[in-house]
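The structure appears right after this line, and notes come after that.
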Amino acid sequence: MVASKSSTANRADAVTASQAESKKASTSLLVWTLRLGFLVALLAVWHYAVQWGYVPEFYISTPTKTALFLWKYIAGGEIFVDASYTIYETLMGFSIGSVAGIVSGLLLARFTTADRVLSPFLSGFNALPRVALAPLFILWFGIGTESKIVLAFSLVFFITLVNTNAGARATDSDIMMMARAMGATSRQTYLKVVLPYAIPSIFAGLRLAAVYALLGAVVGEMLAAQHGWGRQITYYSQTFEVAGVFGLLVVLATFSIGLNYLMVLAEQRLLRWKQ
Amino acid sequence: MDGNSAKAIPYESADSSGVKSPSAVSRKPSGDIAISVQNVFQIFKGHEGKPFTAVEDVSIDVPAGQFLAIVGPSGCGKTTVLNMMAGLVAPSKGQVYLNNEEVKGPSRSMGYMFARDALLPWRTARDNVEFGLELRGVPADARRARSQKLLKLVGLSKFENAYPSQLSQGMRQRVALARTMAIEPDIFLLDEPFAALDAQTKLQLESEFELLWQDTHKTAVLVTHDLDEAVALADRILVFGANPGRIILDRMTNLPRPRNVESIRYMPEFQVVAREIWELLRSK
Chain F
1 MVASKSSTAN RADAVTASQA ESKKASTSLL VWTLRLGFLV ALLAVWHYAV
51 QWGYVPEFYI STPTKTALFL WKYIAGGEIF VDASYTIYET LMGFSIGSVA
101 GIVSGLLLAR FTTADRVLSP FLSGFNALPR VALAPLFILW FGIGTESKIV
151 LAFSLVFFIT LVNTNAGARA TDSDIMMMAR AMGATSRQTY LKVVLPYAIP
201 SIFAGLRLAA VYALLGAVVG EMLAAQHGWG RQITYYSQTF EVAGVFGLLV
251 VLATFSIGLN YLMVLAEQRL LRWKQ
Chain Y
1 MDGNSAKAIP YESADSSGVK SPSAVSRKPS GDIAISVQNV FQIFKGHEGK
51 PFTAVEDVSI DVPAGQFLAI VGPSGCGKTT VLNMMAGLVA PSKGQVYLNN
101 EEVKGPSRSM GYMFARDALL PWRTARDNVE FGLELRGVPA DARRARSQKL
151 LKLVGLSKFE NAYPSQLSQG MRQRVALART MAIEPDIFLL DEPFAALDAQ
201 TKLQLESEFE LLWQDTHKTA VLVTHDLDEA VALADRILVF GANPGRIILD
251 RMTNLPRPRN VESIRYMPEF QVVAREIWEL LRSK
């Protein structure tokens, strides 16, 4: 329950929030220490596995060499050239794909006949592993950024379409009945009830889609490209520079986590009513 | 709750200057019929295509300004008949008229309320109260004024910016009540609006509703399985029987107005009416 005056309510909220935060902070201090310990242990296993000769360095390199590679990759500025390609492809594929996916998902939820006609085709495309289309996309759109954007788009589009469509159909039946009884037109019902009701589900789709957009861009680059993180992974593995491959994997994971974090932030801002 | 301020609701504000005596306003059946249900049937396809009659030949005339309660066991079709009045369900046979117009769908002059609050979780209490007004294109400042007044009347001024998830069940149902009141309906159709509440909150909300309603003199139909609630609130009681759903009793209560929903239960007249209906019900 909220406190009795709105100003007090805000204060009370602030108090409980800060209490919750400090509690969270104290638990997460322990958690963070343990996490750090786990990371150190992991690196140590890696390091000594090579040092003591259990695994040849040729296969897994070493933590030191990977760190050294990363340092040179970043300090030499090479990372930014690759980043500009991979990030551009990811964001383009993500934004075009998610807008198209959300709009189509909403349209299909509204026009049920179209949905019934198209649904077998959509499930067919959706069932197809889109990555298998990558060579075709490269044939059609060349080895530049376009083919990667198309691949990312094809992944993002279906994920957001399916999530949006499911969300737009799941409107609570009591709320739909209330809207009808209140005299809402079908347009009003759609804009004021169905659409807002679908937003959490759309966001779940977007979070997943962001990761898949990166996947599409990287896989496309791995097949044929001149720049980008995916292309560098292929290059370093073909030249047996495992430290380079590991270094790029660290870069990719970091970027992916950052992307996901941005999505969570946006979600929290937009869905404040969802406690 | 704040009974005095509850009377300040702006319905018929023209004559709200003096002390009003709602009983002085005619609620006697006149030629003015607000709701007319004429020989309606509701037949469903049951098991193995065998038709199942949920409502059989029900006719009801509700004069304007009357508060009618429909009671009966579950499955007697009372909600179905209410939903026919609301235009949410089409009868298999027969017609329903609201204000002499045949019902083809939900009418904007009706206010509907049911046991679930059905609040929009992404809207604050105030924005939920304004929902119906928004649908009717009422300008923002007028909406705001109305929602603030109504939230005050249901005792939730301090919660106008709270989301439904932050409110208790009773508070949520109060918001739903304010939302229904906000559109100033001619006809209230209520499907067990207090059924999901605990006994104390239920009593509170019943009296809040009665106070708000008494100043409006609008027609109201309440569906409930609670005979005491029906007698306490209504002028007239219809008892439905099940299998098939039909009217088995139609009785005016003739209890005085205005009334206090909480104390009327202890009046001898109340108990006479309630016992009479209860005994009739048992003998059927």
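Line order of the protein sequences matches chains F and Y. Okay, so the first sequence: first residue is 1 according to UniProt numbering, each after it adds one. Okay, so the second sequence: first residue is 1 according to UniProt numbering, each after it adds one. C-beta atoms are modelled at their ideal positions from N, C-alpha and C, and glycine is treated no differently.
Self-check item: Where Y/A141 falls: helix, strand or coil (DSSP)
Solution: Numbered from its first residue, the second sequence carries residue 141 of chain Y at position 141. Correcting the residue identity first, residue 141 of chain Y is Asp in this sequence and not Ala. Of the three classes helix, strand and coil, the one that applies to Y/D141 here is helix, per DSSP.
Quiz prompt | Beta-carbon proximity list for residue 286 of chain Y, same chain, < 8 angstroms, skipping 5 on both sides | solution = No information on residue 286 of chain Y is available, as it lies outside the stretch 1 to 284 that chain Y covers here.
Quiz item: Can you tell me whether DSSP reads Y/E160 as helix, strand or coil?
Solution: For the purposes of this step, residue 160 of chain Y is taken as residue 160 along the second sequence, with counting starting at 1. Coil.
Quiz item: Between the C-alpha atoms of F/V114 and F/S154, what's the straight-line distance to the nearest angstrom?
Solution: Translated into positions along the first sequence, residue 114 of chain F becomes position 114. Translated into positions along the first sequence, residue 154 of chain F becomes position 154. Correcting the residue identity first, residue 114 of chain F is Ala in this sequence and not Val. Straight-line Cα distance between these residues: approximately 20 angstroms.
Self-check item: Segments assigned beta strand (DSSP E), at least 3 residues, entirely inside the stretch 203-266 of chain Y
Solution: 219-224, 236-241, 246-252
Quiz item: Would a check of beta-carbon distances place F/F255 closer than 8 angstroms to chain Y?
Solution: Residue numbering aside, residue 255 of chain F sits at position 255 when the first sequence is read from its first letter. No - not a single Cβ of chain Y is within 8 angstroms of the one on F/F255.
Exercise. Using a threshold of 8 angstroms, state whether the C-beta atoms of Y/K104 and Y/G132 are closer than that.
Key: On the second sequence, residue 104 of chain Y is found 104 positions in, with the first residue counted as 1. On the second sequence, residue 132 of chain Y is found 132 positions in, with the first residue counted as 1. Contact: no.
Quiz item: Between the beta-carbon of Y/V37 and the beta-carbon of Y/I70, is there less than 8 angstroms?
Solution: In the second sequence, residue 37 of chain Y corresponds to position 37, counting from 1. In the second sequence, residue 70 of chain Y corresponds to position 70, counting from 1. It is not a contact, given that the beta carbons lie outside the stated cut-off.
Quiz item: When the Cβ atoms of the stretch 109-123 of chain Y are set against those of the stretch 241-259 of chain Y, are three or more pairs found closer than 8 angstroms?
Solution: no
Exercise. Locate the alpha helix (DSSP H) running through Y/S107, then write down its first and last residues.
Key: Here residue 107 of chain Y refers to the residue found at position 107 of the second sequence. Taken as a continuous stretch (DSSP letters only), Y/S107 belongs to no alpha helix (DSSP H), as it is neither H nor E.
Exercise. Since I believe F/A224 is in contact with F/I87 (beta carbons under 8 angstroms), could you give me their beta-carbon distance rounded to a whole number of angstroms?
Key: The count along the first sequence starts at 1 and reaches residue 87 of chain F at position 87. The count along the first sequence starts at 1 and reaches residue 224 of chain F at position 224. That pair is no contact at about 19 angstroms.
Quiz item: Who are the Cβ neighbours of F/M1 in its own chain at under 8 angstroms, not counting the five residues just before and after it?
Solution: In the first sequence, the residue the question calls residue 1 of chain F occupies position 1. Below a pLDDT of 50, predicted positions are generally treated as unreliable, and F/M1, at 38, falls in that range; the measurement from the model is reported next regardless. Same-chain partners within the cutoff: there are none.
Quiz item: Is there at least one Cβ from chain Y nearer than 8 angstroms to F/D115's Cβ?
Solution: On the first sequence, residue 115 of chain F is found 115 positions in, with the first residue counted as 1. F/D115 does not count as touching chain Y.
Quiz item: Excluding sequence positions up to five away, which residues of its chain have a Cβ less than 8 angstroms from the Cβ of F/I175?
Solution: Counted from its first residue, the first sequence places residue 175 of chain F at position 175. Here the set comprises V193, Y197.
Exercise. Taking 8 angstroms as the cut-off, decide whether the C-beta atoms of F/G93 and F/V156 are in contact.
Key: For the purposes of this step, residue 93 of chain F is taken as residue 93 along the first sequence, with counting starting at 1. For the purposes of this step, residue 156 of chain F is taken as residue 156 along the first sequence, with counting starting at 1. Taking 8 angstroms as the Cβ cut-off, F/G93 and F/V156 qualify as a contacting pair.
Practice problem: At 7 angstroms on the CB atoms, spell out the chain B contacts of F/R180, in chain order. | Solution: Given the protein chain composition of this structure (F and Y), no chain B is represented.
Practice problem: Give the range of the beta strand (DSSP E) segment to which Y/E192 is assigned. | Solution: Working through the second sequence from its first residue, we reach residue 192 of chain Y at position 192. Taken as a continuous stretch (DSSP letters only), Y/E192 belongs to no beta strand (DSSP E), as it is neither H nor E.
Exercise. Classify F/V31 as buried or exposed, calling it buried when 16 or more other Cβ atoms lie within 10 Å of its own Cβ.
Key: Within the first sequence, the letter at position 31 stands for residue 31 of chain F. Classification of F/V31: exposed, given that the 10 Å Cβ count is below 16.
Quiz item: Measuring CA to CA, which of Y/D228, Y/W278, Y/E276 is closest to Y/S263?
Solution: Residue mapping note: residue 263 of chain Y aligns to position 263 of the second sequence, counting from 1. Closest by alpha carbon: Y/D228.
Quiz item: Any idea if Y/S26 is buried or exposed, counting beta-carbon neighbours within 10 angstroms, 16 or more meaning buried?
Solution: As a working note, residue 26 of chain Y is residue 26 in the second sequence. Residue confidence is low: Y/S26 scores 31 on pLDDT, short of 50, so the model does not pin down where it sits. No coordinate-derived value is stated.
Quiz item: CB-CB under 6 angstroms to Y/S207, same chain, minus the five flanking residues each way: which ones, in chain order?
Solution: One-based indexing of the second sequence puts residue 207 of chain Y at position 207. The answer, listed in chain order, is V261, E262.
Quiz prompt | According to DSSP, residues forming a beta bridge with Y/L111 | solution = Here residue 111 of chain Y refers to the residue found at position 111 of the second sequence. According to the sequence shown, residue 111 of chain Y is Gly rather than Leu. Paired residues: Y/F188.
Quiz prompt | Spatial neighbours of F/A75 in its chain, beta-carbon cut-off 7 angstroms, leaving aside the 5 residues before and after | solution = Within the first sequence, numbered from 1, the residue matching residue 75 of chain F stands at position 75. Around F/A75: no qualifying Cβ.
Exercise. Could you tell me which residues DSSP puts in a beta bridge with Y/S36?
Key: Looking up residue 36 of chain Y in the second sequence gives position 36. Beta-bridge pairing links Y/S36 to Y/D61, Y/Y97.
Quiz item: Once you ignore the five residues that flank Y/K28 on each side, which residues in its own chain have a CB closer than 8 angstroms to its CB?
Solution: One-based indexing of the second sequence puts residue 28 of chain Y at position 28. Note that Y/K28 has pLDDT 34, beneath the 50 cutoff, so the model's placement of it is unreliable and the number below is only indicative. Once the five neighbours on either side are set aside, the close Cβ partners of Y/K28 are P63.
Quiz prompt | Residue from Y/I247, Y/V231, Y/P268 with nearest C-alpha to Y/V40 | solution = Within the second sequence, the letter at position 40 stands for residue 40 of chain Y. Closest by alpha carbon: Y/I247.
Quiz item: What did DSSP end up calling F/V55 once you bin it into helix, strand or coil?
Solution: For the purposes of this step, residue 55 of chain F is taken as the residue at position 55 of the first sequence. Correct three-state label for F/V55: coil.
Practice problem: Within its chain, find whatever has a CB closer than 6 angstroms to the CB of F/E267; leave out the 5 residues flanking it on each side and keep chain order. | Solution: For the purposes of this step, residue 267 of chain F is taken as the residue at position 267 of the first sequence. Cβ neighbours of F/E267 beyond the five flanking positions: F203.
Quiz prompt | Min CB distance Y/P22 to chain F below 8 angstroms | solution = Position 22 of the second sequence holds residue 22 of chain Y. Low confidence applies here, because Y/P22 scores a pLDDT of 39, under 50, leaving its location unreliable; read the following figure in that light. False, the Cβ-Cβ gap to chain F never drops below 8 angstroms.
Quiz item: Using a C-beta cutoff of 8 angstroms, does Y/K28 count as contacting chain F?
Solution: Against the second sequence, residue 28 of chain Y aligns to sequence position 28. For Y/K28, the predicted structure reports a pLDDT of 34, less than 50, and the residue's modelled location is therefore unreliable. A value from the coordinates is still provided. Closer than 8 angstroms: no.
Quiz item: Any C-beta of chain Y sitting closer than 8 angstroms to the C-beta of F/A170?
Solution: Here the question's residue 170 of chain F lines up with position 170 in the first sequence. So, not an interface residue.
Quiz item: By Cβ distance, which residues of its chain are closer than 6 angstroms to F/L208, with the 5 residues on each side in sequence left out?
Solution: As a working mapping, residue 208 of chain F is identified with position 208 in the first sequence. Contacts found: I159.
Exercise. Please check if any C-beta of chain F sits within less than 8 angstroms of the C-beta of Y/M1.
Key: Taking the first residue of the second sequence as 1, we reach residue 1 of chain Y at position 1. Legend: pLDDT at Y/M1 = 40, less than 50; position of this residue unreliable, value from coordinates given subsequently. It does not; no Cβ of chain F falls within 8 angstroms.
Quiz item: Which residue from Y/A196, Y/S147, Y/W122 puts its Cα closest to that of Y/S165?
Solution: As a first step, residue 165 of chain Y must be located in the second sequence, where it is residue number 165. The shortest Cα separation from Y/S165 among Y/A196, Y/S147, Y/W122 belongs to Y/W122.
Quiz item: What number of angstroms, rounded off, separates the C-alpha of Y/G155 from the C-alpha of Y/S168?
Solution: Stepping through the second sequence from its first residue, residue 155 of chain Y is reached at position 155. Stepping through the second sequence from its first residue, residue 168 of chain Y is reached at position 168. One C-alpha to the other measures close to 13 angstroms.
Exercise. For Y/W213, decide whether its Cβ has a neighbour in chain F, counting only Cβ atoms nearer than 8 angstroms.
Key: For this step, residue 213 of chain Y is matched to residue 213 along the second sequence. Closer than 8 angstroms: no.
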